[in-house]
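> Each residue of the sequence shown is one higher than the last, beginning at 1 in the UniProt record's numbering.
Even glycine gets a Cβ: it sits at the ideal position worked out from N, Cα and C.
Attaching a single structure in structure tokens format; questions to follow.
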Amino acid sequence: MAFEGLSEKLSAAFKRLKSKGKLSEADIKEAMREVRLALLEADVSYKVTKDFVSKVSERAVGAQVLESLTPAQQVIKIVNEELTALMGNESARLNSPAKPPAVIMMCGLQGSGKTTHSAKLARMLKGQGRRPLLVACDVYRPAAIKQLQVVGEKAGVPVFEMGNDNPIKIAKKAVSHARDYGNDVVILDTAGRLHIDETLMGELQGIKKEVEPTDILLVIDSMTGQDAVNVAKSFDDALGIDGVILTKLDGDTRGGAALSVKAVTGKPIKFVGMGEKLEDLEPFHPARMASRILGMGDVLSLIEKAQEHIDEKNAEEMAKKLKENSFDLNDLLAQMQQIKKMGPLQQVMSMLPGAAKAIKDEDAEKGEQQLKQMESIICSMTPRERERPQIINPSRKRRIAAGSGTEVPDVNRLLKQFEQMQKMMKQLGGMGKKGKRRRMPM
Ligand code: GDP
1 MAFEGLSEKL SAAFKRLKSK GKLSEADIKE AMREVRLALL EADVSYKVTK DFVSKVSERA
61 VGAQVLESLT PAQQVIKIVN EELTALMGNE SARLNSPAKP PAVIMMCGLQ GSGKTTHSAK
121 LARMLKGQGR RPLLVACDVY RPAAIKQLQV VGEKAGVPVF EMGNDNPIKI AKKAVSHARD
181 YGNDVVILDT AGRLHIDETL MGELQGIKKE VEPTDILLVI DSMTGQDAVN VAKSFDDALG
241 IDGVILTKLD GDTRGGAALS VKAVTGKPIK FVGMGEKLED LEPFHPARMA SRILGMGDVL
301 SLIEKAQEHI DEKNAEEMAK KLKENSFDLN DLLAQMQQIK KMGPLQQVMS MLPGAAKAIK
361 DEDAEKGEQQ LKQMESIICS MTPRERERPQ IINPSRKRRI AAGSGTEVPD VNRLLKQFEQ
421 MQKMMKQLGG MGKKGKRRRM PM
């Protein structure tokens with residue numbers, strides 16, 4: 001999970017502070033030493049770490065903190081604010097073009113996630129009502145065009161390609177194609193290399209000069225830590241970038257790149273990639289990320305995620321069914337599948353305050369397995385059985401268990417759970433009818 005190591009170390013340092021009540025300068029110094037180590041271990045560069053710790057220390061030893069009633073809370077608040085500032089304070093958005101189409105030039109090293117993120121971005125923009133066009137400018141890797149076509153199709157976004165023609169020419173043609181066909185965003189998937197080299201930079205500079213992109217976004221792999229930050233610095237020096245897309249944050253337990261990019265390059269992170277699927281893209285919000293690192297959760301992102309994945313009509317229908325007590329196993333299955341769409345349980349839980357620490361990886365994994373098992377049991381039932389579970393007799397149970405790769409007691413457990421759920425719903429449904437006195441207090 002993202003930032004796990006850093007979160008754990010910081011929370012250990014703060015726990016010690018909290019246990020002390022009144023704080024002395026020495027206590028703060030000790031805590032800052034731990035913060036410093038935590039950041040260095042997270043692969044934040046020495047200079048960035050040093051500046052960060054000296055800023056926090058300066059503010060933390062002030063009289064206001066030491067003499068306050070909750071000094072440890074004050075220190076955490078300062079760390080939270082400085083972490084947010086370190087990552088750029090404001091959430092960065094895409095630039096607006098003087099006139100459409102907007103041109104987003106994606107660049108980065110091979111394997112950083114450039115093609116995947118071109119499609120993720122296209123999908124996100126399409127969801128916002130835009131009409132994106134993906135453009136295959138990587139003409140060197142034989143499979144690159146095909147790969148873009150595959151992800152483009154998944155995102156439901158057209159792909160413009162001219163085989164292995166000159167990339168600068170392709171970019172120019174694509175922009176005029178977009179004008180003719182009413183595409184208001186052009187996303188250029190440019191060629192990557194294993195290392196930064198002059199030919200690559202020359203080509204990217206050529207494209208930049210020809211089409212004057214609205215946004216040059218550099219895609220970097222967060223798992224490579226400080227290396228990613230160095231790559232960002234080189235690209236910015238040679239090409240001038242507008243922002244960064246930080247990928248593979250789902251697998252980055254350290255978080256050094258996320259914390260240092262802005263400080264080192266002066267350019268903001270605009271989006272983060274949180275998984276291999278096309279929907280695993282989030283706008284980057286420094287304040288929310290700081291809260292997540294400090295284990296304070298990120299409820300706003302969770303709500304946005306839920307809004308994106310849960311369709312309202314379906315939710316209304318479910319509420320009606322609950323009220324009428326006609327919620328059956330078909331509905332339960334549909335609900336479980338909706339929850340699954342929001343992503344791995346662990347990722348969803350990490351956005352809840354305190355949950356990141358309280359719920360261990362194994363617990364989340366167990367929960368995930370249980371959900372999977374419940375789902376396969378329900379899937380092995382006939383639609384009629386799901387509607388009227390009471391018809392499930394022992395021989396049907398054996399069939400369902402065999403079909404779902406489980407045992408009869410597992411099927412029994414699920415049926416029992418569902419029965420209890422129904423009972424509870426009945427009670428809840430009944431409450432409204434019995435007049436105001438029995439209503440739940442709000
Ligand atoms: P490119 O060479 O820069 O175009 O990189 P690709 O888009 O082909 O991605 C390289 C690999 O990284 C692929 O296997 C992707 O599935 C994977 N990948 C890309 N983004 C993410 C992400 O945010 N999280 C994870 N876990 N994998 C990713």
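1. Mind checking who F14 pairs with in its DSSP beta bridge?
2. Check the DSSP bridge columns for V185 and list the partner residues they point to.
3. Give me the DSSP bridge partner(s) of V282.
4. Is the CB-CB distance between V139 and G163 below 9 Å?
5. Would you call the stretch 158-176 and the stretch 119-137 touching, i.e. three or more CB-CB distances under 8 Å?
6. Round the Cβ separation of A287 and I269 to the nearest angstrom and send it over; I've been treating them as touching at under 8 Å.
7. Say the cut is 8 Å; is the CB of T49 nearer than that to a heavy atom of ligand 1?
8. In angstroms, rounded to a whole number, what distance separates the CA positions of G343 and G295?
9. At a cut of 8 Å, does the stretch 47-61 reach the stretch 19-34 through at least three beta carbon pairs?
10. Determine whether the beta carbon atoms of H285 and S91 lie at a separation below 9 Å.
11. Enumerate, from N- to C-terminal direction, the unbroken alpha helix (DSSP H) stretches of 4 or more residues contained entirely within the stretch 203-254.
12. Would you report the Cα separation of L66 and S24, rounded to the nearest angstrom?
13. Tell me which same chain residues have a C-beta within less than 6 Å of the C-beta of S234, skipping the five on either side of it?
14. Indicate whether D331 and M318 have their beta-carbon atoms separated by less than 9 Å.
15. For G435, which residues from the same chain have a beta carbon less than 7 Å from its beta carbon, with the 5 sequence-adjacent residues on both sides left out?
16. Which residues in the same chain have their Cβ closer than 6 Å to the Cβ of Q147, if we skip the five residues on either side of it in sequence?
17. At a cut of 8 Å, does the stretch 246-258 reach the stretch 155-162 through at least three beta carbon pairs?
18. Would you kindly check if the distance between the Cβ of K22 and the Cβ of P97 is under 9 Å?
19. Is it buried or exposed for M440, if we count other Cβ within 10 angstroms and need 16 for buried?
20. Is the stretch 246-255 close to the stretch 196-211, with three or more CB pairs under 8 Å?
21. Taking F3 as the reference, which of R386, M381 and A290 has the closest Cα?
22. Is it the case that the CB of A258 approaches a heavy atom of ligand 1 more closely than 8 Å?
23. Determine the DSSP secondary structure at S7, reduced to helix, strand or coil.
24. Give the range of the alpha helix (DSSP H) segment to which V35 is assigned.
25. If you follow the alpha helix (DSSP H) that I391 is in, where does it begin and where does it stop?
26. Identify the residues that DSSP records as bridge partners of V159: which are they?
27. In the DSSP assignment, what residue or residues form a beta bridge with G108?
28. Tell me, which residues are paired with T49 by DSSP?
29. Give the single residue among K340, K120, F160 and I207 whose Cα lies nearest to the Cα of G367.
30. Where does N164 sit, in a helix, a strand or coil, going by DSSP?
31. Determine the extent of the alpha helix (DSSP H) in which G127 is found, giving its start and end residues.
32. Taking A191 as the reference, which of G62, M106, T382 and F52 has the closest Cα?
33. Using a threshold of 9 Å, state whether the C-beta atoms of F14 and I76 are closer than that.
34. I want to check one thing, is the minimum distance from the CB of E276 to the heavy atoms of ligand 1 below 8 Å?
35. For my contact list, V185 and R130 are in at a C-beta cut-off of 8 Å; report their separation, rounded to the angstrom.
36. Is it buried or exposed, V408, if we count other Cβ atoms within 10 angstroms and call 16 or more buried?
Well, looking at it:
1. Indexing the sequence shown from 1 puts residue 14 at position 14. F14 pairs with nothing; no bridge assigned.
2. Here residue 185 refers to the residue found at position 185 of the sequence shown. Answer is A102 and P132, bridged to V185.
3. For the purposes of this step, residue 282 is identified with residue 282 of the sequence shown, where counting begins at 1. For the sequence presented, residue 282 should be read as Glu rather than Val. Answer is V272.
4. Along the sequence shown, read from residue 1 onward, the residue named residue 139 stands at position 139. Along the sequence shown, read from residue 1 onward, the residue named residue 163 stands at position 163. Yes; because the gap between Cβ atoms is below 9 Å, this pair is in contact.
5. yes
6. Your numbering for residue 287 matches position 287 in the sequence shown. Your numbering for residue 269 matches position 269 in the sequence shown. Wrong, their Cβ atoms sit about 13 Å apart, outside the cutoff.
7. Within the sequence shown, the letter at position 49 stands for residue 49. Every heavy atom of ligand 1 is 8 Å or more from the Cβ of T49, so no.
8. As a working mapping, residue 343 is identified with position 343 in the sequence shown. As a working mapping, residue 295 is identified with position 295 in the sequence shown. If you take the alpha carbons of G343 and G295, they lie about 19 Å apart.
9. yes
10. For the purposes of this step, residue 285 is identified with residue 285 of the sequence shown, where counting begins at 1. For the purposes of this step, residue 91 is identified with residue 91 of the sequence shown, where counting begins at 1. Closer than 9 Å, so yes.
11. Taking only runs of at least 4 residues, the alpha helix (DSSP H) segments lying wholly in the stretch 203-254 are 225-238.
12. Within the sequence shown, residue 66 is the residue found at index 66, counting from 1. Within the sequence shown, residue 24 is the residue found at index 24, counting from 1. So the two alpha carbons sit approximately 7 Å from each other.
13. Residue mapping note: residue 234 aligns to position 234 of the sequence shown, counting from 1. Contacts found: I196.
14. As a working note, residue 331 is residue 331 in the sequence shown. As a working note, residue 318 is residue 318 in the sequence shown. Result yes, Cβ atoms of D331 and M318 sit closer than 9 Å.
15. For the purposes of this step, residue 435 is identified with residue 435 of the sequence shown, where counting begins at 1. A caution first: G435 carries a pLDDT of 41, below 50, which makes its placement in the model unreliable, though a value can still be read off. None.
16. The count along the sequence shown starts at 1 and reaches residue 147 at position 147. Cβ neighbours of Q147 beyond the five flanking positions: T115.
17. no
18. Working through the sequence shown from its first residue, we reach residue 97 at position 97. Working through the sequence shown from its first residue, we reach residue 22 at position 22. Contact flag unset, no.
19. Position 440 of the sequence shown, counted from the first residue, corresponds to residue 440. In this predicted model, M440 has a pLDDT of only 40, less than 50, meaning its place in the structure is not dependable enough to derive any value.
20. The stretch 246-255 vs the stretch 196-211: no contact.
21. The count along the sequence shown starts at 1 and reaches residue 3 at position 3. Among R386, M381 and A290, the Cα nearest to that of F3 is on A290.
22. To locate residue 258, count along the sequence shown from 1; it is residue 258. It does not: the Cβ of A258 is nowhere closer than 8 Å to a heavy atom of ligand 1.
23. As a first step, residue 7 must be located in the sequence shown, where it is residue number 7. Helix.
24. As a first step, residue 35 is located in the sequence shown; it is residue number 35 there, counting from the start. Per DSSP, V35 belongs to the alpha helix (DSSP H) from E25 to E41.
25. Sequence index remark: in the sequence shown, residue 391 carries index 391 (1-based). From DSSP, I391 is part of no alpha helix (DSSP H); its letter is neither H nor E.
26. Counted from its first residue, the sequence shown places residue 159 at position 159. Looking at the DSSP assignment, V159 forms a beta bridge with L134.
27. In the sequence shown, residue 108 corresponds to position 108, counting from 1. V219, per the DSSP bridge assignment.
28. Position 49 of the sequence shown, counted from the start, is the residue given in the question as residue 49. BP columns for T49 are empty, so no partner.
29. Stepping through the sequence shown from its first residue, residue 367 is reached at position 367. The residue with the shortest Cα to Cα distance from G367 is K340.
30. Position 164 of the sequence shown holds residue 164. Three-state result, N164: strand.
31. Stepping through the sequence shown from its first residue, residue 127 is reached at position 127. Counting along the chain, the alpha helix (DSSP H) containing G127 begins and ends at K114 to G127.
32. Within the sequence shown, numbered from 1, the residue matching residue 191 stands at position 191. Of the listed residues, the one whose Cα sits closest to A191 is M106.
33. Within the sequence shown, residue 14 is the residue found at index 14, counting from 1. Within the sequence shown, residue 76 is the residue found at index 76, counting from 1. Yes, they are a contact pair.
34. For the purposes of this step, residue 276 is identified with residue 276 of the sequence shown, where counting begins at 1. Yes; taking the cut-off as 8 Å, the Cβ of E276 has a heavy atom of ligand 1 nearer than that.
35. Within the sequence shown, residue 185 is the residue found at index 185, counting from 1. Within the sequence shown, residue 130 is the residue found at index 130, counting from 1. The Cβ separation is near 5 Å, so the contact holds.
36. Walking along the sequence shown from the start, residue 408 turns up at place 408. Classification of V408: exposed, given that the 10 Å Cβ count is below 16.
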